[in-house]
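Chemist:
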Amino acid sequence: MRLVTYEVGGKSLLGVILAGKVYDLQKSYAALLKEQGNTLAEKVSAVRIPSTMVAFIEGGEKALAAAKETVAYLEKTQLPGIDLFDVKLKAPLMPTTIICGGANFHDHLDETHRSKPTEVEFFLKSPHAVADPFQKVEYEERVTRKYDYEVELGIIISKPARQVKVEDALDYVFGYTIFNDISARDRQVIPWGKDNFQLRFGEGKSYDTGAPVGPWIVTKDELNDVSNLALRTTISGELRQNNNMKNIIWNVPALVSFYSTYMTLSPGFLIASGTPGGPALGSDVELGADPYERKDGVKRGGYMQPKDVMRLEIEKIGVLENQIDRLS
Amino acid sequence: MKLVTFKFNGQLKIGAVLQDNYVLDLQRAYALYLAKEEQDLQADGMAQALIPGDMVEFLRGGQLAQEAAQKAYDYAKEQEHSLLGINEEWLFYSLEDVKLLAPLQPLTVIGAGPGLEEPNNQQMHSYIEFYLKSEHTVVGPGAPILYLPEQAQNFDCTVELGVIIGKPGRHIPEDKVMDHIYGFTVAHNVYCEKLQVGWEGTMFHVRYSEGTSFDNACPTGPWIVTKDEVGDPDNLNMLLYVNGKVRDKLNSKDLLRGVKEFVSYCSTFITLEPGLLILSGSSNGPVLGKDADGRPVIKDLRKNPAYLKPGDVVRSVIENVGELENPVVEWKGGK
Numbered sequence: 001m002r003l004v005t006y007e008v009g010g011k012s013l014l015g016v017i018l019a020g021k022v023y024d025l026q027k028s029y030a031a032l033l034k035e036q037g038n039t040l041a042e043k044v045s046a047v048r049i050p051s052t053m054v055a056f057i058e059g060g061e062k063a064l065a066a067a068k069e070t071v072a073y074l075e076k077t078q079l080p081g082i083d084l085f086d087v088k089l090k091a092p093l094m095p096t097t098i099i100c101g102g103a104n105f106h107d108h109l110d111e112t113h114r115s116k117p118t119e120v121e122f123f124l125k126s127p128h129a130v131a132d133p134f135q136k137v138e139y140e141e142r143v144t145r146k147y148d149y150e151v152e153l154g155i156i157i158s159k160p161a162r163q164v165k166v167e168d169a170l171d172y173v174f175g176y177t178i179f180n181d182i183s184a185r186d187r188q189v190i191p192w193g194k195d196n197f198q199l200r201f202g203e204g205k206s207y208d209t210g211a212p213v214g215p216w217i218v219t220k221d222e223l224n225d226v227s228n229l230a231l232r233t234t235i236s237g238e239l240r241q242n243n244n245m246k247n248i249i250w251n252v253p254a255l256v257s258f259y260s261t262y263m264t265l266s267p268g269f270l271i272a273s274g275t276p277g278g279p280a281l282g283s284d285v286e287l288g289a290d291p292y293e294r295k296d297g298v299k300r301g302g303y304m305q306p307k308d309v310m311r312l313e314i315e316k317i318g319v320l321e322n323q324i325d326r327l328s
Numbered sequence: 329m330k331l332v333t334f335k336f337n338g339q340l341k342i343g344a345v346l347q348d349n350y351v352l353d354l355q356r357a358y359a360l361y362l363a364k365e366e367q368d369l370q371a372d373g374m375a376q377a378l379i380p381g382d383m384v385e386f387l388r389g390g391q392l393a394q395e396a397a398q399k400a401y402d403y404a405k406e407q408e409h410s411l412l413g414i415n416e417e418w419l420f421y422s423l424e425d426v427k428l429l430a431p432l433q434p435l436t437v438i439g440a441g442p443g444l445e446e447p448n449n450q451q452m453h454s455y456i457e458f459y460l461k462s463e464h465t466v467v468g469p470g471a472p473i474l475y476l477p478e479q480a481q482n483f484d485c486t487v488e489l490g491v492i493i494g495k496p497g498r499h500i501p502e503d504k505v506m507d508h509i510y511g512f513t514v515a516h517n518v519y520c521e522k523l524q525v526g527w528e529g530t531m532f533h534v535r536y537s538e539g540t541s542f543d544n545a546c547p548t549g550p551w552i553v554t555k556d557e558v559g560d561p562d563n564l565n566m567l568l569y570v571n572g573k574v575r576d577k578l579n580s581k582d583l584l585r586g587v588k589e590f591v592s593y594c595s596t597f598i599t600l601e602p603g604l605l606i607l608s609g610s611s612n613g614p615v616l617g618k619d620a621d622g623r624p625v626i627k628d629l630r631k632n633p634a635y636l637k638p639g640d641v642v643r644s645v646i647e648n649v650g651e652l653e654n655p656v657v658e659w660k661g662g663k
């Protein structure tokens, strides 16, 4: 299933995409229940399929089964959906916590003169920073003039996970989305002495609209294997990142298992996979980069400027697009 | 006013503490006030709209909601505790009978980076930072601080002032910050041995997530005190006791970055808004310094630090704010 959060008349709704159309899941489930003779169709549907994604995920197997039943129903009936292009998409979920991985692709480590650490990076990004698909991302000089892009796989957690083994980790995954870990590089990378740099994951990562998510969640039943998906970023049409999930150092099960050793991962957590090489940081000699020539067609380029369009693509998921601009 | 979040019959409620031993259900008191004093025939619905059970939602209601809470409080505080509400429901609870939860379940927790080994070295000030602590670490008064044997060396906590935002705003100068603060709470910022410098070749970072974001690592409470009762947050005495003995004796004026200054700084990045919890940091916590080779390292400068272990009880008092107590318990699964 492809699940979206979208807005109609200022109200947020949970939808499913079928053949390019968006259907209100809660309303469609009510229609199905009514057809089955359920006298409390609307009430039951409102509980079983809540209108926020996190509440829906928290509903677990029963909520998911109801959604699947609804999809089967929609596939054989002729209910009218809304054309996907006419819908105002919101971030598919407001994650309850965003855990970010990093140092997770060799080409990104190489271009920033880093060696592979013994464990994957672990930092947090404020849920206050979440931006919707197509929402304008702020270019705010008081934050930075070095705005950078990072395409990442967003892993959505389905149920509480604590100290889970790698081999069980996928049982705790609800689905996948695209995450843009926008970074403020001169806030994030601070020279220490002549040869070293401090990385600051607070200032460098958490600010308004610095975390676009979307455009939807593809549930695990539709996308079971993410170990071989192409990831691509273009900035105003220029190819800047071009890699594949098969090159990831710590894969999805490893990430879920690792972070669950620290805290209970809860439904609606988003874990970002870490990004491959190609962000502007990789060309920023001032901040310690080694801009070696790439062989994958990726052009070395500078930081984003106002009006640049970020287009992040992950195979079998979709495209997350946002423009960066001065907002005031 | 001292505002608490408590649970009764499975329902979340916002209360105001009276005489330090009673809790007034603010929503139900407001409904009674509206019905009796303003002859509002829709008192019940209005009270539910203005004073919901969730603190973040309540704060989002802004001045309108805050004034409603004040009216309810002023109306009920002098009444007999046997007084019932418009549906004959209880208005007053004995503080002992209710379970206090974290006064606010934040959407984002911002922590102040560590202090500096040489606070007067201006060059080092460019390495001061803020960090995120997972929102899921927040628990309430009395909740256990969970001790995990495998990560429990240097297991410790600082007492910190928790800042609760009331009014949204971005790029707020220090002298306007108080307009955006709703109140304050006491926080235990628990950390473990993983709070260290980690290296990736030429780059290093302080491992805040590993060191400070684990289950129950941020007890807060017991209440939010509105700012009018607190005075200047940059001059508050703070005491931390372990098993009844004073461990830290601090004043917020000694923080590397003042509370107002730090909140102003955070607003450069994130819009201040209800749901944000900002922790002040501590002047007696881990610091960033240099080792013999000039490389960055996290240090503990305290003489004879006594780390926390299961069975300890941590209690903190912040002047004009309150007292928070949490036991240290060995983790045996679950939260």
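Chains A and B supply the protein sequences, listed in that same order. Counting with the working numbering, you get residues 1 to 328 for the letters of the first sequence. Counting with the working numbering, you get residues 329 to 663 for the letters of the second sequence. Using N, Cα and C, we set each Cβ at its ideal position, and we do this for glycine too.
State the CB to CB distance for the pair A:Pro-291 and A:Ser-283, rounded to an integer number of angstroms; the pair is presumed to be in contact (CB under 8 Å).
Modeler: Contact holds; Cβ gap of about 4 Å.
Chemist: Could you check the C-alpha separation between B:Cys-546 and B:Asn-654 for me, to the nearest Å?
Modeler: Those two C-alpha atoms are separated by around 10 Å.
Chemist: Out of curiosity, what's the CA-to-CA distance linking B:Val-649 and A:Pro-279?
Modeler: In a straight line, the C-alpha of B:Val-649 is about 46 Å away from that of A:Pro-279.
Chemist: Which word fits A:Gly-270, buried or exposed, when buried means at least 16 other C-beta atoms lie within 10 angstroms of its C-beta?
Modeler: It should be pointed out that residue 270 of chain A corresponds to Leu in this sequence rather than to Gly. Answer is buried; the Cβ neighbour count reaches 16.
Chemist: Using a cut-off of 7 Å between C-beta atoms, extract the partners of B:Leu-378 located in chain A.
Modeler: By Cβ distance, chain A contributes nothing, its closest Cβ being about 21 Å from B:Leu-378, past 7 Å.
Chemist: Starting from A:Arg-145, trace the beta strand (DSSP E) both ways and give me its first and last residue.
Modeler: Here A:Arg-145 belongs to no beta strand (DSSP E), and DSSP marks it neither H nor E.
Chemist: Could you tell me whether the Cβ atoms of A:Ala-65 and A:Met-1 are closer together than 8 Å?
Modeler: Taking 8 Å as the Cβ cut-off, A:Ala-65 and A:Met-1 do not qualify as a contacting pair.
Chemist: So which of A:Leu-74, A:Val-47, A:Ala-72 has the shortest CA-CA distance to A:Lys-62?
Modeler: Per the Cα distances, A:Val-47.
Chemist: Verify the CB distance criterion: does A:Ser-266 have a CB-CB separation below 8 Å to chain B?
Modeler: At least one chain B Cβ lies under 8 Å of A:Ser-266.
Chemist: Is the Cβ-Cβ distance between A:Leu-265 and A:Val-252 less than 8 Å?
Modeler: No; because the gap between Cβ atoms is not below 8 Å, this pair is not in contact.
Chemist: Using only the alpha-carbon positions, how far apart do B:Phe-483 and A:Gly-210 sit?
Modeler: C-alpha separation (whole angstroms): 33 Å.
Chemist: Within a Cβ cutoff of 7 Å, which residues of the same chain sit near B:Ser-595, ignoring the five residues on either side of it in sequence?
Modeler: Here the set comprises Gly-497, Arg-498, His-499, Ile-500.
Chemist: Between the Cα of B:Gln-407 and the Cα atoms of B:Tyr-361, B:Ile-438, B:Glu-424, which residue gives the shortest distance?
Modeler: Comparing Cα positions, the closest option is B:Tyr-361.
Chemist: Fully enclosed by the segment 266-326 of chain A, which beta strand (DSSP E) runs are 3 residues long or longer?
Modeler: The segment 266-326 of chain A contains these whole beta strand (DSSP E) runs: 269-272, 309-314, 318-325.
Chemist: Does DSSP put A:Asp-186 in a helix, in a strand, or in coil?
Modeler: In this structure, A:Asp-186 counts as helix in the three-state DSSP scheme.
Chemist: So with Cβ pairs under 8 Å, would you call B:Glu-463 a contact of chain A?
Modeler: It does: the Cβ of B:Glu-463 has a partner Cβ on chain A nearer than 8 Å.
Chemist: Compare the C-beta of A:Ala-263 with all C-beta atoms of chain B and state if any pair is closer than 8 Å.
Modeler: According to the sequence provided, residue 263 of chain A is Met. The question's Ala does not apply to it. Cβ-Cβ to chain B under 8 Å: yes for A:Met-263.
Chemist: Might you give, ordered along the chain, the residues of its own chain that have their beta carbon closer than 8 Å to the beta carbon of A:Glu-304, omitting 5 neighbours on each side?
Modeler: First, the residue type needs correcting, since residue 304 of chain A is Met and not Glu in the sequence shown. Counting only Cβ-Cβ distances below 8 Å, and skipping sequence neighbours, we find Tyr-139, Tyr-147, Asp-148, Tyr-149, Ile-235, Ala-280, Met-310, Ile-324.
Chemist: B:Ile-300 touches chain A at which residues, Cβ-Cβ below 7 Å?
Modeler: This structure does not reach residue 300 of chain B, given that chain B is present from 329 up to 663, and the question cannot be answered.
Chemist: At what residue ranges does the segment 78-136 of chain A contain a whole run of the alpha helix (DSSP H), taking only runs of 4 or more?
Modeler: Qualifying alpha helix (DSSP H) stretches, in chain order: 106-111.
Chemist: Could you tell me the alpha carbon to alpha carbon distance between B:Ser-608 and B:Lys-495, rounded to whole angstroms?
Modeler: B:Ser-608 and B:Lys-495: Cα-Cα distance of roughly 19 Å.
Chemist: Taking the C-alpha atoms as reference points, what is the distance between A:Val-54 and A:Ala-161?
Modeler: Between A:Val-54 and A:Ala-161, the C-alpha separation is close to 16 Å.
Chemist: Considering only residues of the segment 359-423 of chain B, which uninterrupted beta strand (DSSP E) runs meet the minimum length of 3 residues and lie entirely inside it, listed in chain order?
Modeler: For the segment 359-423 of chain B, whole beta strand (DSSP E) runs of length 3 or above, ordered along the chain, are 420-422.
Chemist: Buried or exposed: A:Asn-242, going by 16 or more other Cβ atoms within 10 Å of its Cβ?
Modeler: Flag for A:Asn-242 reads buried.
Chemist: How big is the Cα-Cα spacing for A:Val-213 and B:Asp-576?
Modeler: Each residue's alpha carbon lies about 43 Å from the other.
Chemist: Would A:Val-143 count as contacting chain B if we go by Cβ distances under 8 Å?
Modeler: Yes, contact with chain B.
Chemist: Roughly how many angstroms lie between the CA atoms of B:Ala-377 and B:Leu-387, to the nearest whole one?
Modeler: Between B:Ala-377 and B:Leu-387, the C-alpha separation is close to 12 Å.
Chemist: From the DSSP output, in three-state form, read off B:Leu-584 for me.
Modeler: In this structure, B:Leu-584 counts as coil in the three-state DSSP scheme.
Chemist: Checking contacts by CB at 8 Å: is B:Ser-454 closer than that to chain A?
Modeler: So yes, B:Ser-454 belongs to the interface.
Chemist: Excluding the 5 residues flanking B:Gly-470 on each side, which residues of the same chain have their C-beta closer than 8 Å to its C-beta?
Modeler: Leu-428, Glu-653, Asn-654, Pro-655.
Chemist: Taking its Cβ as the centre, do 16 or more other Cβ atoms sit within 10 Å of B:Pro-633, making it buried, or is it exposed?
Modeler: By the neighbour-count rule (16 or more Cβ atoms within 10 Å), B:Pro-633 is not buried but exposed.
Chemist: So for A:Glu-238, helix, strand or coil by DSSP?
Modeler: Strand at A:Glu-238.
Chemist: Skipping 5 residues on each side, what residues in its chain have a beta carbon closer than 6 Å to that of A:Arg-200?
Modeler: Taken in chain order, the residues that qualify are Gln-188.
Chemist: When you compare the CB positions of A:Ala-103 and A:Gly-274, do they come within less than 8 Å of one another, or not?
Modeler: Their beta carbons are under 8 Å apart, which means A:Ala-103 touches A:Gly-274 by this criterion.
Chemist: Sort A:Gly-37, A:Thr-96, A:Trp-250, A:Asn-38 by Cα distance to A:Ala-169 and report the nearest one.
Modeler: Cα-wise, what sits closest to A:Ala-169 is A:Trp-250.
Chemist: Out of curiosity, what's the CA-to-CA distance linking B:Leu-474 and A:Gly-237?
Modeler: Each residue's alpha carbon lies about 50 Å from the other.
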